[in-house]
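Residue numbers (full-length UniProt numbering): 1 to 258.
Here a beta-carbon is modelled for each residue, glycine too, at the ideal position from N, C-alpha and C.
All of these numbers come straight from a predicted model, not from anything done at the bench.
In structure tokens, the structure reads:
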């Protein structure tokens, strides 16, 4: 399955964000991408660094999401886009997945909240696991990567491919934070025997990578931090190896999986 991510510098101008998403979808479709994933809050901007929750208009977001759905149907690919989702009086930091017919396949709401997210969002409860072309695919958002328990849930559901969408940036470069988050991604991939693909905003000074980590913890691809553009990876479910079987058998023991 050909997959891709497309970081770009999102902000408070939703029409500008939507135009960037539209161009990315067109490029991805031309390259026969099957699943295209965007970063955290790519559609509306991440509050409070790129916008504010007070500035967000749920009707405008709904209209923009309808356009993203239309793009998925028009170009015949799956699209996962970061946005704010409303449910009654609650807001969620979410990834919405649209299938290749333009229908909403579901969403994943960010679970691990702290700081700004506690102030702005409710904690998600959904699993973030979907089957795409017969492959169990998981989704996580930013701070979730700090918690092995969140990825163990994916392992227990048989996920082979996981996307982590970030909006993690600063006003100045922070190599130590970048390397720390990079190490988390490598560990989550290796310990759960899954390919992990991350994508981060290109605004500010990005402090998390956009990259592909294989089930062995090897970095297959890494995009330059802060650069917008399409990063494509041809994913196939790997055959079990001596090393991955060792991790699977012992993981199942510790998780009491029979």
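{"Check": "Measuring only the C-alpha atoms, how far is residue 168 from residue 29?", "Outcome": "27 Å"}
{"Check": "State whether the stretch 164–183 contacts the stretch 198–211, with contact taken as three or more CB pairs (one from each stretch) at a distance under 8 Å.", "Outcome": "yes"}
{"Check": "If you reduce the DSSP assignment to three classes, tell me which class residue 260 lands in.", "Outcome": "The structure shown does not extend to residue 260, since the chain is modelled only from 1 through 258, so no value can be given for it."}
{"Check": "Rounded to whole angstroms, what is the Cα-Cα separation between residue 126 and residue 95?", "Outcome": "11 Å"}
{"Check": "Please name the residue or residues paired with residue 135 in a DSSP beta bridge.", "Outcome": "132"}
{"Check": "Are the CB atoms of residue 37 and residue 5 within a distance shorter than 8 Å?", "Outcome": "yes"}
{"Check": "Is residue 149 helix, strand or coil when you go by DSSP?", "Outcome": "helix"}
{"Check": "Assuming the contact rule is C-beta atoms closer than 8 Å, residue 35 and residue 77 should be a hit. Round their C-beta distance to whole Å, please.", "Outcome": "7 Å"}
{"Check": "Roughly how many angstroms lie between the CA atoms of residue 74 and residue 236, to the nearest whole one?", "Outcome": "25 Å"}
{"Check": "Is it buried or exposed for residue 146, if we count other Cβ within 10 angstroms and need 16 for buried?", "Outcome": "exposed"}
{"Check": "Hey, out of 212, 181, 21 and 230, whose CA is closest to residue 143's CA?", "Outcome": "181"}
{"Check": "Whose C-alpha, out of 253, 252, 251 and 226, is nearest the C-alpha of residue 10?", "Outcome": "226"}
{"Check": "How many angstroms separate the CA atom of residue 129 from the CA atom of residue 120?", "Outcome": "24 Å"}
{"Check": "Please list, in chain order, all residues of the same chain as residue 159 whose beta carbon is under 8 Å from its beta carbon, the five residues on each side excluded.", "Outcome": "129, 136, 137, 138, 192 and 194"}
{"Check": "Does residue 52 come within less than 8 Å of chain D when only Cβ atoms are used?", "Outcome": "Annotation note: the requested chain D is absent from the structure, which comprises a single protein chain."}
{"Check": "Output needed for residue 17: all residues of its chain with C-beta closer than 6 Å, excluding positions within five of it in sequence on either side, in chain order.", "Outcome": "10 and 43"}
{"Check": "Measuring CB to CB, does residue 199 end up less than 8 Å from residue 166?", "Outcome": "yes"}
{"Check": "Quick one: what does DSSP say residue 183 is sitting in, helix, strand or coil?", "Outcome": "helix"}
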